[in-house]
Amino acid sequence: MPMPSTSRFGRRLLGIAVPLTAGALMLLAAGPAGAAAPRSSGPAPTAITHPNADFAGAGIQRKAAAAGLTPESSSSVTTAAVSGLPGLDVSGWQGTVDWASVRSAGATFAYVKATEGTTYTSSSFSGQYDGAYNAGLVRGAYHFAIPNNSTGAAQADYFVAHGGGWSADGKTLPPALDIEYNPYGATCYGLSQSAMVAWIKSFSDEVHAKTGRYPAIYTTTDWWTTCTGNTSGFGATNPLWVARYASGVGTLPAGWSAQSIWQYADSGTFPGDQNTFNGSAADLTAFAKGTGGTPPPPPPSADWPTVKQGQSGEAVRAVQYLLNAHGSSLTVDGAFGPATNSAVRTYQSAHSLTVDGIVGPNTWSSLIITVRNGSSGSAVSAVQRELNAHGSSLTVDGAFGPATDSAVRSFQSAHSLTVDGIVGPNTWKALVGS
92 MPMPSTSRFG
102 RRLLGIAVPL
112 TAGALMLLAA
122 GPAGAAAPRS
132 SGPAPTAITH
142 PNADFAGAGI
152 QRKAAAAGLT
162 PESSSSVTTA
172 AVSGLPGLDV
182 SGWQGTVDWA
192 SVRSAGATFA
202 YVKATEGTTY
212 TSSSFSGQYD
222 GAYNAGLVRG
232 AYHFAIPNNS
242 TGAAQADYFV
252 AHGGGWSADG
262 KTLPPALDIE
272 YNPYGATCYG
282 LSQSAMVAWI
292 KSFSDEVHAK
302 TGRYPAIYTT
312 TDWWTTCTGN
322 TSGFGATNPL
332 WVARYASGVG
342 TLPAGWSAQS
352 IWQYADSGTF
362 PGDQNTFNGS
372 AADLTAFAKG
382 TGGTPPPPPP
392 SADWPTVKQG
402 QSGEAVRAVQ
412 YLLNAHGSSL
422 TVDGAFGPAT
432 NSAVRTYQSA
442 HSLTVDGIVG
452 PNTWSSLIIT
462 VRNGSSGSAV
472 SAVQRELNAH
482 GSSLTVDGAF
492 GPATDSAVRS
502 FQSAHSLTVD
512 GIVGPNTWKA
522 LVGS
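Counting in the working numbering, the sequence shown runs from 92 upward without gaps.
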């Protein structure tokens with residue numbers, strides 16, 4: 092399907108940023124007659140002003156924009172080799188989808204946004220949901236949560252009544268809860284961690300009571316850690332649909348040993364967001380029927396990334412930190428510009444490496460510094476920054492203390508590495524290469 096002339100990222104952000112008049116806000120906040128009332132206590136309810144621009148990943152885009160990232164630096168991971176079965180998720184943003192073409196391009200499954208809060212149902216839902224089914228895809232519905240507007244049970248009831256059902260036909264994915272960065276304001280919707288956990292449980296239990304399936308949970312490790320305290324209480328019942336726009340799935344939220352679905356980019360081969368199912372075609376059918384277990388963790392596949400002038404991101408930051416640990420004086424901004432290029436070439440020349448300004452396996456192997464509890468300096472800052480990119484919440488202060496040691500050990504355990512708290516070559520490779 093051809094994309095609009097304005098970028099999907101930019102149009103979404105415009106949809107979020109355009110101000111509304113006070114009168115329009117009042118009308119939108121009122122919602123249709125008979126809508127479920129907001130909770131009587133807690134944070135003020137959100138006026139749902141742009142539901143068509145709220146989708147699985149909307150909060151990631153908003154967070155990236157707030158950090159000053161470009162669309163490319165927030166989602167350019169399609170060059171990575173992504174294993175598993177390809178799929179997508181769509182919302183009212185995509186409108187009419189050519190599902191026959193999507194199927195021909197290799198898609199096997201799709202999630203479709205059905206509802207948001209207790210007042211919005213996507214006008215595109217029926218056409219997208221039925222179209223995916225008719226084209227031979229396994230499809231499911233998802234709900235975009237607004238937890239400060241009404242109880243989890245109330246939103247679950249609205250979702251199930253407006254498309255969020257399930258049947259064991261092997262063609263219907265479990266209903267899904269999209270719980271992520273608030274596209275309207277405070278990251279955690281003004282809820283405490285315990286209140287958020289209770290809200291998710293209320294939604295999950297009600298969906299299970301209504302459909303017989305616990306919903307899949309779409310989230311990011313960072314949001315889950317920030318807003319639920321990284322609770323592990325849902326891993327035994329709810330499949331994980333994790334979002335991470337990077338070359339690897341990274342550290343998962345607590346309670347899950349593996350993801351069922353990974354959303355790895357917001358654009359690519361298919362309309363909407365790009366996803367992969369962690370398993371075979373038979374596993375996907377079993378997942379849809381509710382007879383499959385937790386998929387096995389994917390094997391480690393990290394390798395040294397190739398970093399060069401013009402690139403940006405966490406791997407570039409790691410290079411800059413490490414160059415500074417070897418005597419450079421770079422601004423650590425994650426942008427590989429002329430100064431970083433010059434520093435790389437100077438380092439390569441001094442260490443008898445090929446002087447090309449490209450940080451490949453040989454330069455990485457020379458640059459890295461083994462660090463452990465008690466170490467300090469720029470190399471430790473690089474480790475802390477990389478750990479945060481994989482879901483930790485460390486203060487990047489260059490001091491390798493107990494918190495960093497614990498985060499390193501958790502990362503090593505999750506990536507099938509020797510759990511010793513020492514960041515040597517293998518751990519460095521996993522940190523910067525996944």
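Ideal placement from N, C-alpha and C gives every residue a C-beta, glycine not left out.
Beta carbon of residue i, beta carbon of residue j: below 7 Å?
i	j	result
L179	A205	no
V514	V474	yes
G341	F294	no
L268	P306	yes
Y233	Y202	yes
A406	V487	no
Q350	N369	yes
G183	S213	yes
Y272	W315	no
L176	L343	no
S501	A416	no
G363	Q185	yes
Q284	T319	yes
L421	T431	yes
Y412	V398	no
W347	G324	no
Going along the chain, which residues of its own chain have a beta-carbon closer than 8 Å to the beta-carbon of residue i, five neighbours each way excluded?
i	result
V435	V410, L414, G448, I449, V450, T454
R304	W257, P265, P266, V298, G381
N225	W190
L118	Note that L118 scores 29 on pLDDT, short of 50, meaning its location in the model is unreliable; the coordinates nonetheless yield the value given after this. Cβ within range, chain order: n/a, list empty.
S371	L176
If I measure Cβ to Cβ from residue i and keep anything under 6 Å in the same chain, skipping five residues before and after, which residues do I get?
i	result
A377	G383
S457	H442
V471	V462, G489, F491
T311	A334
D394	G524
T322	V288
K301	V251
F427	Q400, Q402, V407
A345	N321, S323
T112	In this predicted model, T112 has a pLDDT of only 33, less than 50, meaning its place in the structure is not dependable; the value taken from the coordinates is given anyway. For T112, where only same-chain residues beyond five positions count, there are no Cβ hits under 6 Å.
For residue i, which residues of its own chain have a beta-carbon under 7 Å away from its beta-carbon, when the five flanking residues on both sides are left out?
i	result
G222	V188, W190
A498	L478, S483, L485
A127	Legend: pLDDT at A127 = 40, less than 50; position of this residue unreliable, value from coordinates given subsequently. For A127, where only same-chain residues beyond five positions count, the Cβ hits under 7 Å are T209, S241, A245, Y249.
G512	R463, N464, D496, V499, R500
L508	N517, T518, A521
S466	F491
P452	W395
P440	The question names Pro, but residue 440 is Ser in the sequence shown. These residues qualify, in order along the chain: V446.
Using the rule of at least 16 other Cβ atoms within 10 Å of the residue's Cβ for burial, across every protein chain shown, is residue i buried or exposed?
i	result
S504	exposed
P429	exposed
Y236	Per the sequence shown, residue 236 should be read as Ala rather than Tyr. Under this definition A236 is a buried residue.
S445	It should be pointed out that residue 445 corresponds to Thr in this sequence rather than to Ser. Result: exposed.
G208	buried
A196	exposed
A337	buried
S174	exposed
G339	buried
S241	buried
G418	exposed
A538	Residue 538 is absent from the model: the chain starts at 92 and stops at 525.
S215	buried
P238	buried
A480	buried
D357	buried
P396	buried
T137	buried
Report, in whole angstroms, the separation of the C-beta atoms of residue i and residue j, which I expect to be a contact under 8 Å.
i	j	result
T367	T317	Wrong, their Cβ atoms sit about 25 Å apart, outside the cutoff.
F361	V193	6 Å
W290	I308	Incorrect: roughly 12 Å between the Cβ atoms, too far for contact.
G254	Y220	6 Å
G227	T263	G227 to T263, Cβ: 13 Å. No contact.
To test your reading of the DSSP string, which unbroken beta strand (DSSP E) runs of 3 or more residues are found completely within the stretch 324-399? 331-334, 352-356, 364-368
3 or more residues per run - each beta strand (DSSP E) lying fully within the stretch 214-263: 229-235
Can you list, in chain order, the stretches of the alpha helix (DSSP H) that have 4 or more residues and sit fully within the stretch 396-453? 405-416, 429-441
If you scan the stretch 455-486 from start to end, which runs of the alpha helix (DSSP H) of 4 or more residues do you find wholly inside it? 469-480
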